[in-house]
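Enquirer:
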Amino acid sequence: MDSAFSKKNKYQEYFGKTHEMFRKSAREFVKKEILPYVEEWEETGEFPIELYKKVGDFGVLGIGYPEECGGTPADIFLKIFGVEEMMRSGSAGVTAGLGALDIAIPPIVRHGTDEQKEKFVKPVLAGEKIAALGITEPSGGSDVANIKTTAVPEGDHYIVNGGKTFITSGARADQLTCAVRTGGEGAHGISFLVIEKDTPGYSVSKKLKKTGWWASDTAEIYFDNCKVPKENLIGEENQGFCMIMENFQGERLHLAVMANMTAQMAFEESIKYAKEREAFGKPLSGFQVTRHKLADMATLIEASREFTYRVAAKIDAGVDQIKEVSMAKNFACTVSDRVTYDAVQIFGGYGFMRGYLVERLYRDNRILSIGGGTQEIMKEIISKLI
Ligand SMILES: Cc1cc2nc3c(=O)[nH]c(=O)nc-3n(C[C@H](O)[C@H](O)[C@H](O)COP(=O)(O)OP(=O)(O)OC[C@H]3O[C@@H](n4cnc5c(N)ncnc54)[C@H](O)[C@@H]3O)c2cc1C
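Shown next, in the form of structure tokens:
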């Protein structure tokens, strides 16, 4: 009995009761507060700003952040469960929009002053303010070391000129954690500045129309002699590149989790449909080709999720996982590409129709192997480390 018990505990090594209780209440929250409205928000291209506050009050936004920042310290799996349950809304756009803070505020939490945490982190975790991350520029996103937005010191301020594009939650963000060039060319001339939206010279020039993630706003932002106080510099001048690279690890894990959930939901939809839909006098699941598709989906998802969890556990334990998190993101995206493609195939014409979840999952999935570092950039990282 004892040994069976300890085996069970070993088997459940990543999660405990707290995680499952949290998952349950997060699922209820999503069912009540998000799911019924997702169709409408997807069509209108945004979710209500009030949702930030609701999710903040529920406690999801603050998970994994220090108490002094208004967060709830927790291990990495509580955060992962939060993302997984948000994805259960069926809208990666809502998940990405609400999750933008998880790429925007970690550099402030890690390297900011107490005053910066008070001003730029606390209200965001409470859902009272919206934060976005600004790295990508119209001239390129992969070559981060080559960003062109400049911040030139002038007295107590920096004068910022340039622009950012594809910024998640950019149209509604109150503050942008923004990569700027404060030094010479290359990686060593980059700093992180928090730029507030009401700063003169800051403008949102465009809300972009996208293939997927419809419920999340994605924007272009311009700086025209934007006067930013020097006290908004995060950490030391010209140390931004390392902070950006450090920040990417969390984003890549987050995207791997989103890909795994995208695949999981597409698979669940496919199983249901394959049992209901008939062709040639029998359910689709009666054809071996369909059953094998479903078996492949299940196998790939299981392998990807387990690998992602393993990498997450090691990150949580402080083990360097730069190579592995890149592998996990690429593997999860390859799986979600394949699974969403096959799910639409199983649905036939209906899989191409709006109103079917697999159609949205197929569209929403496409960005996952581009955002947070493309599949090719992940391979560059992996190839340097093997
Ligand atoms: C919906 C959405 C939301 C986003 N949210 C944000 C956000 O919140 N903040 C933010 O800063 N950015 C955001 N991005 C930007 C995203 O991170 C970039 O799109 C991504 O990093 C790729 O940059 P790029 O689009 O400029 O492509 P490019 O860098 O121009 O790359 C184009 C192609 O060339 C390939 N390539 C480039 N360099 C190499 C190389 N060395 N070897 C091999 N192939 C290479 C790429 O893999 C890609 O296939 C978002 C993008 C989208 C679409």
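Sequential numbering of the sequence shown, starting at 1437, is according to my numbering. Note that beta-carbon positions come from the ideal geometry of N, C-alpha and C, so glycine has one too. Please read all numbers here as calculations on a predicted model, not as lab measurements.
1. Can you find a heavy atom of ligand 1 that lies under 6 Å from the Cβ of Thr1454?
2. Taking Asn1683 as the reference, give the member of Glu1464, Ala1536, Glu1482 with the closest Cα.
3. Are Ala1540 and Thr1601 close, meaning C-beta to C-beta below 7 Å?
4. Would you be able to state if there are at least three C-beta pairs under 8 Å between the segment 1718-1725 and the segment 1792-1803?
5. Report yes if the C-beta of Trp1649 is less than 6 Å from at least one heavy atom of ligand 1; otherwise report no.
6. Whole angstroms is fine: what's the gap from Ser1527's alpha carbon to Gly1481's?
7. Of all the alpha helix (DSSP H) runs that stay within the bounds of the segment 1676-1761, which reach a length of 4 or more residues?
8. By how many angstroms is the C-alpha of Ala1623 removed from the C-alpha of Gly1576?
9. Taking the alpha carbon of Val1530 as the reference point, which residue from Lys1729, Val1466, Gln1611 has its own alpha carbon closest?
10. Go ahead and label Met1457 buried or exposed: buried means 16 or more other beta carbons lie within 10 angstroms of its beta carbon, across all protein chains shown.
11. Suppose contacts are defined by Cβ-Cβ distances below 7 Å. Is Lys1460 in contact with Gly1563 by that definition?
12. Do Ile1583 and ligand 1 come close, with the Cβ less than 6 Å from some heavy atom?
13. Should Ser1772 and Thr1698 be called a contact, given that it needs their Cβ atoms to be closer than 7 Å?
14. Give me the residue from Glu1469, Cys1769, Glu1449, Lys1646 with the minimum Cα distance to Arg1524.
15. Are the segment 1705-1714 and the segment 1540-1554 touching by the rule of at least three beta carbon pairs closer than 8 Å?
16. For Tyr1786, which option in Gln1675, Arg1802, Tyr1709 has the closest C-alpha, if you only look at C-alpha atoms?
17. Looking at Ala1655 and Ile1603, is the spacing between their C-beta atoms short of 7 Å?
18. Verify the contact flag: Phe1602, CB atom, against every heavy atom of ligand 1, threshold strictly below 6 Å.
19. Which residues in the same chain have their Cβ closer than 6 Å to the Cβ of Phe1677, if we skip the five residues on either side of it in sequence?
20. According to DSSP, simplified to helix, strand and coil, what is Glu1520?
21. Beta carbon of Thr1508, beta carbon of Gly1498: below 7 Å?
22. Does any heavy atom of ligand 1 sit closer than 6 Å to the C-beta of Glu1503?
23. Report the rounded CA-to-CA distance for Met1437 versus Thr1744, giving the unit in angstroms.
24. Please classify Glu1449 as buried or exposed, where buried requires at least 16 neighbouring CB atoms within 10 angstroms.
25. Is it true that the segment 1751-1768 meets the segment 1802-1821, where meeting means three or more beta-carbon pairs spaced less than 8 Å apart?
26. Mind checking which residues open and close the alpha helix (DSSP H) that includes Arg1463?
27. For ligand 1, is there any heavy atom lying closer than 6 Å to the beta carbon of Ile1670?
28. Between the segment 1636-1647 and the segment 1655-1668, do at least 3 Cβ pairs fall closer than 8 Å?
29. Within a Cβ cutoff of 8 Å, which residues of the same chain sit near Ile1737, ignoring the five residues on either side of it in sequence?
30. Strictly by DSSP, which residues pair up with Asn1597?
31. Give every residue of the same chain whose Cβ lies closer than 8 Å to the Cβ of Lys1759, excluding the five residues on either side of it in the sequence, and list them in chain order.
32. Return the first residue and the last residue of the beta strand (DSSP E) that Lys1663 is part of.
33. Where does Ser1641 sit, in a helix, a strand or coil, going by DSSP?
34. Are the CB atoms of Trp1650 and Glu1478 within a distance shorter than 7 Å?
35. Cβ-heavy atom distance between Leu1793 and ligand 1 below 6 Å?
36. Between the Cα of Lys1666 and the Cα atoms of Tyr1792, Asp1592, Glu1476, Thr1454, which residue gives the shortest distance?
Expert: In terms of the structure at hand:
1. no
2. Ala1536
3. no
4. Taking a cut-off of 8 Å on C-beta distances, the segment 1792-1803 does not touch the segment 1718-1725, as fewer than three cross pairs fall below it.
5. yes
6. Near 11 Å, if we compare the C-alpha coordinates of Gly1481 and Ser1527.
7. 1676-1712, 1724-1752
8. 15 Å
9. Val1466
10. The residue in question, Met1457, is exposed, as its Cβ has fewer than 16 Cβ neighbours within 10 Å.
11. no
12. no
13. yes
14. Out of Glu1469, Cys1769, Glu1449, Lys1646, Glu1469 has the C-alpha closest to the C-alpha of Arg1524.
15. no
16. Tyr1709
17. yes
18. yes
19. Ala1623, Ile1626
20. helix
21. Going by C-beta atoms, Thr1508 is nearer than 7 Å to Gly1498.
22. no
23. Legend: pLDDT at Met1437 = 41, less than 50; position of this residue unreliable, value from coordinates given subsequently. Each residue's alpha carbon lies about 31 Å from the other.
24. exposed
25. yes
26. 1453-1469
27. no
28. yes
29. Asn1696, Ala1699, Gln1700, Phe1703, Val1771, Val1775
30. Thr1586
31. Ile1817, Ile1818, Leu1821, Ile1822
32. Unbroken beta strand (DSSP E) run through Lys1663: 1654-1665.
33. strand
34. yes
35. no
36. The shortest C-alpha separation from Lys1666 is found at Asp1592.
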